[in-house]
Each structure stands twice: as structure tokens, then as C-alpha cells.
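Be aware that the sequence shown starts at 3, since it is given in the working numbering, and climbs by one per residue.
Note that beta-carbon positions come from the ideal geometry of N, C-alpha and C, so glycine has one too.
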Amino acid sequence: MPDSCAVEILDAGQITAMRDLAVRFLNESSLPRYETVQSFGHAFHRDLWRLIPRIEQLAGHLPDEDVPANVALAGVAEARRRLDEIERAGLTGEFERVKRLGRSVVALCDHHENLTGAAS
Numbered sequence: 003m004p005d006s007c008a009v010e011i012l013d014a015g016q017i018t019a020m021r022d023l024a025v026r027f028l029n030e031s032s033l034p035r036y037e038t039v040q041s042f043g044h045a046f047h048r049d050l051w052r053l054i055p056r057i058e059q060l061a062g063h064l065p066d067e068d069v070p071a072n073v074a075l076a077g078v079a080e081a082r083r084r085l086d087e088i089e090r091a092g093l094t095g096e097f098e099r100v101k102r103l104g105r106s107v108v109a110l111c112d113h114h115e116n117l118t119g120a121a122s
């Protein structure tokens with residue numbers, strides 16, 4: 003569990019911006035350029051590393067049997083697995099990998115809202 007003093011508090015505007023960026027990428031109707039995919043991938047990495055400790059902190063203050071907290075922690079575990087995926091060969095493979103990162107960003111934004119009671 004991260005030290006609560008070191009965990010960044012994310013406001014509704016930051017959560018909205020993270021989600022909006024991920025949704026924009028996920029809604030791409032055509033295959034973007036490789037550089038675009040890479041740029042989104044870097045942004046999603048950054049956002050996930052900001053969201054993960056905050057979700058863990060929020061869930062850590064709830065009872066062990068709290069269902070939303072456990073679902074959020076499962077989302078964190080999945081996001082960590084996706085962060086560990088290596089870059090894929092070719093544009094299509096990399097696009098799919100970055101889409102998975104984007105889906106994790108959206109999921110963790112939802113979990114953040116569920117755990118804080120905030121809606122962006």
C-alpha cells in the first residue's frame with residue numbers, strides 16, 4: 003500500500019481529462035499514425051501510474067469485504083498487467099495494445115468515481 007502522503011489526490015477535472023483522452027483514442031474510426039499511437043500510449047502510462055496508487059489508497063480505507071473496493075482492486079491488477087505488456091510489432095499490434103491501456107484508464111476513472119462518490 004502506498005504511503006498516503008505520497009499519493010496524488012486527483013480532482014474531478016483531472017479524472018474527466020484522463021477519461022476524455024482515452025475515449026477519444028478508443029473511438030478512433032481509422033488506424034492512426036504510429037506516432038499518434040505512441041503519444042497516446044505514453045499518456046495512458048502516465049495516467050495509469052497516477053490512478054493506480056490513488057485507487058489502492060481509496061480501497062485500502064474500506065472494509066475487506068467491500069465489493070466496489072474489491073472490483074476496483076481487480077481493475078488495478080488488470081491495469082498493471084497491461085502496463086507490463088511489451089510494445090507490439092507493427093502498427094496494428096501496437097494500436098491494440100494501446101487500446102487495452104486506454105480501456106484500463108477508463109475503467110480506473112470509473113472506479114475512482116465509485117470510490118469517491120464523485121461524478122465527472
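Keeping to the same chain, check which residues put their C-beta closer than 7 Å to that of residue i; ignore five residues upstream and five downstream.
i   : result
A81 : L50, I54, S106, L110
R52 : E10, L12
Rounded to whole angstroms, what's the CA-CA distance from residue i to residue j? Just pull it up for me.
i    : j    : result
E67  : G119 : 18 Å
V73  : L60  : 12 Å
Q40  : A91  : 12 Å
G62  : G15  : 23 Å
T18  : H47  : 16 Å
A71  : T38  : 34 Å
A24  : L64  : 28 Å
I57  : L28  : 22 Å
G104 : L75  : 17 Å
V108 : M20  : 8 Å
V69  : N116 : 11 Å
For residue i, which residues in the same chain have their Cβ closer than 8 Å to its Cβ, ignoring the five residues on either side in sequence?
i    : result
R102 : R84, E87
So what does DSSP say about residue i, is it helix, strand or coil?
i   : result
N29 : coil
A91 : coil
I11 : coil
R99 : helix
E67 : coil
D22 : helix
P55 : helix
R35 : coil
On the criterion of 16 or more Cβ atoms from any shown chain inside 10 Å, does residue i qualify as buried, or is it exposed?
i   : result
G77 : buried
H44 : exposed
R26 : exposed
L12 : buried
Closest to residue i by CA distance: which of the options is it?
i   : options               : result
A79 : H63, E89, H113, R21   : H113
E30 : F42, A14, L75         : F42
T94 : Y36, L64, V108, E115  : Y36
L33 : G104, E96, L117, N116 : E96
Just to confirm my understanding: we take residue i, look at its own chain, exclude 5 residues before and 5 after, and list those with CB closer than 6 Å. What are they?
i   : result
R99 : E87, R90
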